[in-house]
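Line order of the protein sequences matches chains A and B.
Residue numbering for the first sequence follows the numbering used here, beginning at 2 and increasing consecutively.
Residue numbering for the second sequence follows the numbering used here, beginning at 523 and increasing consecutively.
C-beta atoms are modelled at their ideal positions from N, C-alpha and C, and glycine is treated no differently.
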Amino acid sequence: MLRINCPWCGARDMVEFTYVGDATVRRPDMGADSGHYEFVYLRDNPKGVQEELWHHVAGCRQHVAVRRHMVTHEILASGKPDSLPSGDAPS
Amino acid sequence: MSDSPGDKPPIPSRITPRPPEVRSPLPSIAPQKSRPKRLEPGPEFGGRIDRTRRLSFTFDGVAMTGFQGDTLASALLANGVDLVARSFKYHRRRGIFSAGPEEPNALVRLRTGARAEPNTRATMIPLYDGLVAESQNRWPSLRFDIQSLNNFFSAFLPAGFYYKTFMGPAANTKLWMRFEKMIRKAAGMGTGTHEADPDGYDQMNAHCEVLVIGGGPAGIAAARAAAASGGRVILVDEREEIGGRLLAEREWIDDLEGAAWVGRERAALEANPKVRILTRTTAFGYYDQNLIACVERVGDHLIEPPVHQPRQRLWQIRAKQVVLACGAIEQPLAFADNDKPGVMLAGAVRTYATQYGVLVGKRVVVVTNNDDAYRTAIDLHDAGATIESVVDLRASGAAGPTLVAAKTRGIDLLRGFAPVKVQGGRQVTGVAVLKLDADGKATGAQRAASCDVVAMSGGWQPTLHLSSQTGAKAMWSADKACFLPGPPVQQERSAGACAGQFTLSECLEAGHAAGLEAALAAGGVSVDDLAVPQADVVRERPPRAYWECPKPINTPGKRFVDFQDDVAVSDIRLAHREGYISVEHLKRYTTLGMGTDQGKTSNIVGFAVMAAARGVEIGQTGTTTFRPPYTPVSLGVLAGPEVGENFAPLRRTPMDHWHDAHGAEWIDAGLWRRPRYYPKEGGESLFDAYIRETKATRESLGIVDVTTLGKIDIQGPDVGEFLNRLYINGWKMLAVGKARYGLMLREDGIVMDDGTTSRLGENHYLMTTTTANAVQVMSWIEYYLQVVWPDLRVKATSVTEQWAAMAIAGPNARRALEKVIDIDLSNDAFPFMACGPVTLDKGKAGQEIPGRLFRISFSGELAYELNVPADYGHAAWARLMAAGAEYDITPYGMEALGNMRIEKGHVAGPELDGRTSADDLGLGKMMSTKKDFIGAKLAQRDDFLRDDRKQFVGLVPVDGVTKLMQGAQLVAKDAPDFAGTLAAGKAEQPIEMLGHITSTGYSPELDHPIALGLVTGGRAKLGTVVSMRDPVRGNRCEVKIVEPVFIDPKGERLHG
């Protein structure tokens, strides 16, 4: 059971959130002819750190970017989407 | 008590020998061969029972008594009950084995009726007045159990027997199906109740700086030290009171007898407002980020919980730091017939004497591989039992002072001997032993020691469950012959016996240090003036890593390893021979370590047997992974109060009271309740009611509550562009005051949802969604606006609950509505798909209701949808009912609503099943080719363009009568009834499935059943007759494929 630091609401229990998925995949621009298959179907499953999105559905209803270790579930950083400092070293 | 710390005598000399006086049995009690066992009151024995408070209870219907402070197990033993259960597989006679949560044998069904609870451990049930317990897994009675015949066939029932028998040559013969019920019945735990649980459960969240798990000496020392640092401390212990083994051992701390020290420290902790002590509370799960789940048994020590009190409470404790002081569990030794009632763990034999005042035997043999079991010999001797022998697997025996203490009591020591077989029939009469050579092989002739109880000890294994649950990998310690907790993964540390620190002084020191360390790590102040509690330093000789005792040829009897699952040494050796050498495979093949006890007393011995068979060190076999829960947890406490009507929120529309007052029958839709139909007085049937409601609407006027449809208010300059991306059709040309039907795809090209969106103003739109997808569509919009296209100037808010919505439909809809609406409703002024603001009863003082009107139609009739602020919903509905009275306005429910949409061939939930494309639903032409939209590209994949996809069609029964069944399969008209069984190898080709029926209804206008369905290449098969098969419900008939619009295909009515 994780606690996620929502940049708008503060530390909240994970039951308030819905998991969205990998935050690093990018939807192709409107009108683009390629990249849709990769966007929909291809995901890494790193044994390590992943940047992902959680939706604070039972809170502010904002999407929160979370950097989480997929094995230990340690949360290394969280913030607004596209706002996490780069680097994946544990803080 | 007057000793000064400096010259305390060695521990054993404190023991006052007492005569073996015992209480005579109560005359009315004779459940089994009654052996009086309770010791007379005394300061050293039975210290935790209150002899002034006698409690009555029954076991298998026989009345007995015990005392306040007893467990069910100690009370049964005091009443001379040695047989309490039958084993899982062989139905062998089993007695109480332990005195704690590890108990594998003494599982009983507790309480009766709706409160009956199977598989409770007698060792963990505090005795209460009126307790009722029953033995399990026996028929007709515990003493005579017919299934114990299994025992005689046990040679033919080794590990893997069932798999080999039924999955081998007999596979596919249905033999398993014939025997399964019998086998499952024979191998069993207790049976539960089918009645609803009458008790309530509670859930709590708590936060603290330091959580200490385990209230023994290490835990108390840790809590005491952590509390001194000033933070919030929670101490949990699963027993009735804190103290752990201090309640059972004759030990001294800081010049106080152990239990007195516990009392003093408990009082100090309780006086500290930042400390919370939770007793009867088991920490069963250690989850991420230091969340520990505990279950507090609030009312389980009572016949039933008091009114307004929960039976149990789930605690979810978020701790900055955790001290694990969970103690250790004594392990057995494996020798023939070691499962007989009367063979018990040595520590338990001692606990029953010292804590509960119960002497489980008069003549005791102690068999051990370690020093600790000598305490049992010494304590039992002092309590009045005769110690026939201490059989020590080690040639050297115990450390010096312990040996002296035993010898001064005249206890016979057999050093370097191993037990090989328990003697006796129903009662233990002795134990045969053999001398071991230096390699651990048996030598010489068997000797026998007679006794009525065998107290065995295979050493103490740290309780690593919670540590292991964090992911810390247990490490084998050859010195201590046990697994120790691995390096911490979470913010925790282990102290005391669960870290392999088995002596009291070690426990106190380690607990103290762990408490200080945890408090400091949690941000507390450092404490340097708190003295470490002092106890005598006891030197122990290391245990011998030896559990599998010799079994000379021709010695009958199994050497049990897992008592609950009837796994013996021979089963593990067999698993090894057959290649199941990994401990995880071993567990699954033999069931070693399964069951309600999860191997608490079997894993070490089992792994040792496997290690010996493989010729490796036990550390190389590893351990299986511990997963929550540590001990069984009732489902009730996990569900907590969220049961029955509290299971899910119930959403009611603003018109709910009206529907209720008018006799609506309800149906769940999402979390809403909606009227399904409004039966007339006199018990009108569902069918009659919805047909009546359908006809009334089509012939005159109907009204339906559509509040539950999702409503999303979308505003901003870029809404048109945003809708263009969301929907497959174009939106940029939508004028203010107009509505449009839209269809959304998922990113993968599959249809997600549909609905109308209206343009209320230049930058203001209202989107509607289906009831079922309202939440999902809202989340989806938030995702795209927040993450994918944050540059779009659009804001969206769910307003589903802010607006009440009602649709008024039928040829008289305009006439009725005109009476209360302030705008011109003529076809020219307010045509199909128009929308705009309206006022009800304009100009009537205090009567005006603001609203929005939409000329949209789901029924296919001339229809309007009125939205008003939710607080006006009931009033607006009443006005429309009054306005429509002259046209016999008829409220209709979900059945009629669905029936009319089927007549019109509108798709809904059953068709939007997560597999259908826009083209499958006949809506492919809506897909704009002039713009990009979500799902556009992937909807052009080859498989989406095939013409043999399942397509949306209408269906009618050829005979015009037979009801069509939702979910029924459609196959070729001449398809056989049965294709044969594939597994039997006799199959012809499976019957080709042409499609299935998604929605069914009955058209009163056409006067025959109708249905919608998805049929392979269906649009090219109009007019074809297929066969409906519904074998589960036993329906079949011939069905014709038709266009999916049954009524008014040109849509003249809704434009009328």
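One thing to note: A1186/B has its Cβ within 9 Å of the Cβ of P1197/B. The beta-carbon of E1304/B is placed less than 9 Å from the nearest beta-carbon of chain A. Separation of V65/A and G1101/B (C-alpha to C-alpha, rounded to the nearest whole angstrom) is 50 Å. For K1260/B, there is no enclosing alpha helix (DSSP H); the residue is found in the beta strand (DSSP E) stretching over K1260 to L1267. A direct Cα-to-Cα measurement between G1431/B and S1521/B gives close to 9 Å.
Contact between R1063/B and A940/B is absent: CB atoms are separated by about 17 Å, not below the 8 Å threshold.
At the C-beta level, E852/B and G869/B come within 9 Å of one another. Within chain A, the residues whose beta carbon sits less than 7 Å from that of V1309/B are L54, H64 and P82, listed in sequence order. Interface annotation, D721/B: not in contact with chain A, CB-CB separation never under 9 Å.
Near chain A, meaning a CB-to-CB distance below 8 Å, the residues of the stretch 810-835 of chain B are D810, Q811 and L813.
Interface flag for G11/A against chain B is unset, since no Cβ pair is found closer than 9 Å. Contact between the stretch 1209-1226 of chain B and the stretch 1418-1426 of chain B is present: three or more C-beta pairs spanning the two stretches fall below 8 Å. In this structure, the alpha-carbon of G1166/B lies about 47 Å from that of I1345/B. For the 9 Å CB-CB criterion, W1069/B and V1131/B form a contact. A straight-line Cα-Cα distance of about 39 Å links R1337/B and K1562/B.
Per the coordinates, the alpha-carbon of G737/B lies some 34 Å from the alpha-carbon of T930/B.
In this structure the stretch 959-976 of chain B lies against the stretch 877-896 of chain B, because at least three pairs of beta carbons, one per stretch, are closer than 8 Å. Segment contact: the stretch 1428-1443 of chain B against the stretch 1262-1276 of chain B, three or more CB-CB distances shorter than 8 Å; contact assigned.
Proximity to G1489/B across I1519/B, V1483/B and E1514/B peaks at I1519/B, based on C-alpha coordinates. Along the length of the stretch 1012-1090 of chain B, whole beta strand (DSSP E) runs at least 3 residues long occupy 1014-1016 and 1082-1084, reported in chain order.
In terms of Cα proximity to T73/A, the closest of A59/A, R13/A and Q51/A is Q51/A.
With a 10 Å radius around the Cβ and a threshold of 16 neighbouring Cβ atoms, I1456/B comes out buried. Here D894/B is buried. Its C-beta has 16 or more other C-beta atoms within 10 Å. Counted as a single uninterrupted DSSP element, the alpha helix (DSSP H) harbouring K1109/B occupies residues V1105 to T1112. Non-local beta-carbon contacts of T1143/B in its own chain, meaning distances under 6 Å to residues more than five positions away in sequence, involve V1105, F1129, M1132 and A1133 in chain order. In this structure Q843/B is buried. Its beta-carbon is surrounded by 16 or more other beta-carbon atoms within 10 angstroms. Taking G1141/B as reference, the option from G1022/B, G1358/B, I1126/B and I742/B with the minimal CA-CA separation is I1126/B. F857/B: not part of any alpha helix (DSSP H); DSSP gives it neither H nor E.
One Cα belongs to V1360/B, the other to I1343/B, and the distance between them is close to 7 Å. Our two residues, G981/B and L561/B, have alpha carbons roughly 27 Å apart in a direct line.
Contact annotation: the stretch 1354-1368 of chain B touches the stretch 1253-1264 of chain B, with at least three C-beta pairs closer than 8 Å. Taking the Cα of T873/B as reference, the smallest distance to any Cα among T908/B, G946/B and E771/B is reached at E771/B.
Within the DSSP secondary-structure output, S1525/B pairs in a beta bridge with H1530/B. Under the Cβ criterion of 9 Å, T25/A is not counted among the residues facing chain B. Distance from the CA atom of S751/B to the CA atom of G1046/B, rounded to whole angstroms, is 5 Å. Identification of chain B residues near G32/A by a Cβ-Cβ cut-off of 9 Å yields K1453 and D1454, ordered along the chain.
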